[in-house]
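The opening position of the sequence shown corresponds to residue 1 in the numbering used here, with each subsequent residue numbered one higher. A quick write-up on the structure given underneath.
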Amino acid sequence: MALPTLQQPSFLLANLKADCVNKPFVQRCQELVQIIQDCPAKELHAVFPWLVETIFGSLDGSIVGWNLRCLQGRVNPAEYHTVLDFLDPSSGSMMKLVYKLQTEEYRYDFPVLYLPGPVKVSIQERVLPECPLYHNKIQFPPSGGLGLNLALNPFEYYIFYFALSLITPQNYPLGHHFSTSDSAYFILVDRYLKCFLPIEGNVPPPPSSNLGGAVPSSAPRSSAVSFASYGVHHSSLLKRHVAHQPLVNADPAAQEIWRSETLLQVFVEMWLHHYSLEVYQKMQSPHTKLEVLHYRLNVSSTHHGSPALPSYQALQANQESFQPTEEHVLVVRLLVKHLHGFVNSLKPEQASPSAHSHATSPLEEFKRIVIPRFVQQKLYVFLQHCFGHWPLDASFRAVLEMWLSYLQPWRYAPEKPLPSIESPNRVVTEKWVPFVQENLLMYTKLFQGYLNRALRTDLVSAKNALMVFRVAKVFAQPNLAEIIQKGEQLFLEPEHIIPHRQHRVFLSPCLGGSFLSTWPPAITDVSFKVKSHVYSLEGQDCQYKQMFGPEVRALVLRLAQLIAQAKQMAKTISDHSFEPVANQSFFSWLGFGSPDLNSSYTGNDLDEVGHDTIRKTDEYLEKALEYLCQIFRLNATQLTQLMASVSAAQDKNGKKQLPDCMMSESGMVLTPLGRYQIINGLRRFEIEYQGDPELQPIRSYENAMLVRWLFRFSSAINERFAGKMQALCSRQDFLGSFCRYHLVSPFLTEKSRQSPVVCQNLTVIQKPRIHLRFLASYRTLLSLFLIFFVMSLFSVGPVSCTFCILFGYLSYSVIMTLFTEKWRPHQH
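Here's what the structure looks like:
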């Protein structure tokens, strides 16, 4: 059917636009429900594109729309529930509008410019993407310009906007914090997955009763320009399955399965297909590469020998700066978890390829092929991109959990483990061997990718330690390491004579046993599947590195050493945090003692994380080391040597050695290992404050005005009475000891001069002087206030209280003078 021409903005559309300004949100939605129910499709046709953009925002991000990603039920409950009801996939008014327009076979233009970069570039180069979603939908402008569009039916148009709204950049309000899993968008994604990819039952039919049974036809291209496919030019399996069935006897699920396929394809294309064509072409067969090359040469000669955009330049231009957000990754994880539940709901008698027959429903057929055909390849490259480009911080936990969710389909199986069996001891049964083997790179290469990340992170951080623990725990599940090792052995078997690949679908496991059954030995069949998986993802010329090979094992030993060092570092931080508290006297706590300048920042790291977190870090690292030993069968001798090398890193005082340095023309400089040690907190230079204590920067716990005033006051006293104080401190009797205790700082008598080469102490002759800065501390002021307040309760006046404080401190200082004088350096 020819595409209907878009009408001029109707009176209805003008009224709706005016209502957006004048009426509250809930009232507008209620009126929209009534309008969708009462108005014919002809009137709603002009409203639909505007309404979709109003809900999800514009593709360029200039219009925010309803801001579903920030809408929270606990913040705006009325709007939240109104939106969920209006956009509900089963009974929402928006889906009723979509189905009403679907019966008239309307088409809506979607700009190719806003598709993911690889798809956009391929279409602009006249190379048809592999995904059937784009076939027979590309519209060229009559004038031959650059305005390429896709002609989409209402359901496709709606789902395109719905999916793209997740990755469209938005400006969030400053200070706005929200939980992604509680947002309206996250809840809607979950509802759409449950509706169109049901774990139980079939896809619900459209609410309209007059929709008929035919699958909507795709719009033909309006241009005769030919396309070369950079993938396999095959139509949708399920659409072909449905189209060839008589409508009289068609299963309702078979008539509507196209919605499930469309929803999944759009989600995967919009959320995961964000890597360059160069990466994608690496996965093609040589035959397909040759076809594309011949096509491009023909296009180049046809267009006066100069194509509009050369392929190499297009590939360089498509090295996307796309960086997925944590919210994006969490939604993809939701998709992965639901797909595992969707696939695992396949009945056991229909799960095996031998059970395939014409009686199999399209939904059951879809469950068998959904992951290998639609998800596996794009998710693998998406994860590789995240592993290589994500910042080395705790936010990587979202990517990690998405990856681990994909690796464990047994967690989402309908059968539950026995109550007596704990989840850490749950054995990976033989049922999951095909999944592990057909996803071998997901386990092996991505594990190596995470291993390289873990070696560059600070394992003293509890969040980073938890991630190492999580990965080790998953791979240490009983029988999993053996299954992975068996898969590697199958891949490394000597190759039989394998026919030259002509299409990527040749290697796809979704073809079942019809093709692979031609191989005589059973072991060859399994080996061929594993090789097909690896070659389809990494290309024919890939250099496979074994997960249990010597190179990776060396990296694991290095990680184990870093874990041991991090455990020691965490223990050191924990021990040092108690030292200042243990060494402080009662009067020091009240603020009357001299401050230890070099312990001013002691325990700051611990103050941020707490002792409980340090304890958890130690537990995580301990268990992670135990799991790594189980996975890679590290023996006790190796661990003993490992711990000995870590212990050797401690010097005679129990402190860390200096970072690794080397001699250069300009002196000692840090080596790459030394920089790594500093970045990860494994070693550090001992930094001590050795300047004038009165000239330290003003602390947050001090009153700035008092610090400056007391400094001027004490400086005036020290300058005026310097000679008398020097004479008093030079005496060898008790009075001299008493004056030295108060007027000579014990912390600056010796200065330690350190470098990566030498360490020497320089004796500094100090002049006696008075220090009054401690009186500017808020803690001192608060202590004095509390003492005066408590004494006032006992009817002790301020003057008497002052004399009591002075007498108490005088007694304390006399005792301290008698017991500490022999350990203090004397000045002559």
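A virtual CB, placed ideally from N, CA and C, is assigned to each residue, including glycine. Every value quoted in this text rests on a predicted model; they were computed, and no experiment measured them.
Is residue i buried or exposed, if buried means 16 or more other CB atoms sit within 10 Å of its CB?
i: TYR106; result: buried
i: ILE815; result: exposed
i: GLN437; result: buried
i: THR457; result: buried
i: MET662; result: exposed
i: CYS804; result: exposed
i: THR780; result: buried
i: GLU261; result: buried
i: HIS389; result: exposed
i: TYR809; result: exposed
i: VAL21; result: exposed
i: THR637; result: exposed
i: VAL790; result: exposed
For residue i and residue j, I'd like the C-alpha separation in whole angstroms.
i: PRO169; j: GLY61; result: 6 Å
i: LEU68; j: PHE56; result: 7 Å
i: GLY151; j: LEU44; result: In the sequence under discussion, the amino acid at residue 151 is Ala, which differs from the Gly named in the question. Those two C-alpha atoms are separated by around 18 Å.
i: TYR192; j: ASN439; result: 27 Å
i: ASP733; j: PHE721; result: 20 Å
i: ILE36; j: ARG426; result: 52 Å
i: PRO198; j: SER361; result: 14 Å
i: SER792; j: LEU806; result: 17 Å
i: ALA41; j: ALA394; result: 50 Å
i: VAL534; j: ASN76; result: 48 Å
i: ASP19; j: ASP85; result: 20 Å
i: PHE435; j: GLU551; result: 26 Å
i: GLU130; j: TYR161; result: 21 Å
i: ILE679; j: ASP692; result: 30 Å
i: PHE25; j: THR325; result: 29 Å
i: PHE140; j: ASN464; result: 51 Å
i: HIS771; j: GLN677; result: 39 Å
i: GLN377; j: LEU537; result: 6 Å
i: LEU133; j: LEU263; result: 10 Å
Compare the beta carbon distance of residue i and residue j with 8 Å and say whether it is the shorter of the two.
i: PHE267; j: ALA163; result: yes
i: ALA184; j: VAL83; result: yes
i: VAL556; j: LEU628; result: yes
i: GLN546; j: GLU488; result: yes
i: VAL189; j: PRO154; result: no
i: GLU694; j: SER777; result: no
i: VAL336; j: MET442; result: no
i: LEU706; j: CYS729; result: no
i: LEU710; j: PHE685; result: no
i: PHE387; j: TYR450; result: yes
i: THR444; j: ILE484; result: yes
i: VAL112; j: LEU148; result: yes
i: TYR741; j: SER811; result: no
Going by CA-CA distance only, name the one from the options that's closest to residue i.
i: ASP88; options: VAL33, LEU59, ILE63; result: VAL33
i: THR429; options: LEU446, GLN408, ASN439, HIS135; result: GLN408
i: VAL474; options: LEU559, SER405, PHE374; result: SER405
i: LEU115; options: SER181, ILE167, SER10; result: ILE167
i: MET270; options: LYS23, ALA566, HIS81, VAL119; result: VAL119
i: ARG633; options: SER527, ALA476, SER664, GLN677; result: ALA476
i: ALA560; options: VAL526, MET569, ILE573, LEU639; result: LEU639
i: GLN448; options: PRO205, TYR544, VAL530; result: TYR544
i: MET569; options: SER800, ILE484, VAL460; result: VAL460
i: ILE257; options: LEU339, LEU363, ARG615; result: LEU363
i: TRP398; options: SER181, PHE789, LEU782, LYS96; result: The question names Trp, but residue 398 is Ala in the sequence shown. Of the listed residues, the one whose Cα sits closest to ALA398 is SER181.
i: VAL203; options: ALA413, ILE717, LYS571, PHE366; result: PHE366
Considering residue i, what are the terminal residues of the beta strand (DSSP E) in which it resides?
i: PHE685; result: No beta strand (DSSP E) contains PHE685, which DSSP labels as neither H nor E.
i: SER664; result: 661-664
i: ALA151; result: 149-152
i: MET668; result: 667-670
i: PHE56; result: Here PHE56 belongs to no beta strand (DSSP E); instead the alpha helix (DSSP H) covers 41-56.
i: PRO111; result: 108-111
Could you tell me the boundaries of the alpha helix (DSSP H) in which residue i lies?
i: LEU460; result: The sequence shown places Val at residue 460, rather than the Leu named in the question. Element bounds for VAL460: n/a, residue is neither H nor E.
i: TYR80; result: 77-86
i: ASP190; result: 184-196
i: ILE484; result: 480-491
i: PRO693; result: Per DSSP, PRO693 belongs to no alpha helix (DSSP H) and is neither H nor E.
i: ASP19; result: 11-22
Compare the C-beta of residue i with all C-beta atoms of chain B and state if any pair is closer than 8 Å.
i: LEU557; result: Any reference to chain B falls outside this structure, which holds one protein chain only.
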